[in-house]
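What follows is a set of notes on a single structure, which appears directly below.
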Amino acid sequence: MPTPQQALARIIDTCQPGTLVVCGQVAGEVGDHWCQHHGDSAMTTLDSDSPNDAFPLPQTQDLALITDTLEHLSHEQGEILLGQLRNYGTHQIAVVVPASPQWAFTDFIGLGFRRQAELGDENSPLTLYTYNIDSYNHKRAWNNPDNWANPEMWGKAWW
210 MPTPQQALAR IIDTCQPGTL VVCGQVAGEV GDHWCQHHGD SAMTTLDSDS PNDAFPLPQT
270 QDLALITDTL EHLSHEQGEI LLGQLRNYGT HQIAVVVPAS PQWAFTDFIG LGFRRQAELG
330 DENSPLTLYT YNIDSYNHKR AWNNPDNWAN PEMWGKAWW
């Protein structure tokens, strides 16, 4: 199994972000390494004890990396953090969380995330969840004028 650092490094290398927001120790290490080798990139670091205090962010970020954070926040504060990043802050998000009853698979699916990988080892299992705004809402074949009851009304009337 890959380590969280390896998984996040793979994501950051694939994304090639110009702007990056990080929260948590591992995310900060990976983000620092990226910025040291890519001088044109900029990184914003959120305080993992109170990350929601940083919002609204000054600009939309390309990528957010979150580690060592959600397990220390209340569930409500964690949802607010992920929701703000998803809705206002970033194009892509990667979150690494340990197995815990506080954060279940359905919590992340409900926020539009996908389970990407199982990380760590059997003593400290971790899960990587990702969100990408470009692939979140896929095109549906039925959502066009040909498949509507009144195709001549497509785009003319909004209820």
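In this text, residue positions in the sequence shown follow the working numbering: the first is 210, and each later residue adds one.
Think of the CB as a built atom: it goes at the ideal place given N, C-alpha and C, for glycine as much as any other residue.
What residues in its chain sit with their C-beta under 6 Å from that of residue i, if we drop five residues either side in the sequence?
i: A350; result: none
i: G287; result: L279
i: L266; result: G298
i: T269; result: none
i: V304; result: I275, Y338
Using C-beta distances below 8 Å, list every residue in its chain close to residue i, excluding the 5 sequence neighbours before and after it, in chain order.
i: E280; result: V306, P307, S309, Q311, W312
i: D249; result: G227
i: S257; result: C232, G233, Q234, D277, T278, H281
If we ignore side chains and look at the alpha-carbon of each, how far apart do residue i and residue j end up?
i: A263; j: M362; result: 45 Å
i: D241; j: M252; result: 8 Å
i: C244; j: A236; result: 12 Å
i: Q293; j: S333; result: 28 Å
i: Q214; j: G364; result: 47 Å
i: S296; j: K348; result: Per the sequence shown, the amino acid found at residue 296 is Asn instead of Ser. Roughly 19 Å separates the two Cα atoms.
i: D316; j: L282; result: 14 Å
i: L328; j: H247; result: 26 Å
i: I220; j: F314; result: 20 Å
i: E238; j: D343; result: 26 Å
Judging by CA-CA distance, which residue of the options is the nearest neighbour of residue i?
i: L255; options: V231, Q225, I342; result: V231
i: Q301; options: T339, S250, P211; result: T339
i: D222; options: L274, Q286, L328, E288; result: L274
i: T212; options: N341, A326, N261; result: A326
i: T299; options: R219, C224, D249; result: C224
i: L290; options: F314, S259, D249, T269; result: S259
i: N261; options: H246, H247, H284, G248; result: H284
i: N341; options: L328, T269, D330, G321; result: G321
Can you round the beta-carbon distance between residue i and residue j to whole angstroms, since I take them to be within the 8 Å contact cut?
i: T276; j: G319; result: The Cβ separation is near 21 Å, so there is no contact.
i: R323; j: T336; result: With a Cβ gap of about 11 Å, R323 and T336 do not count as contacting.
i: L217; j: D271; result: L217 to D271, Cβ: 14 Å. No contact.
So, is the C-beta of residue i closer than 9 Å to a C-beta in chain B?
i: E327; result: No chain B is part of this structure, which consists of one protein chain only.
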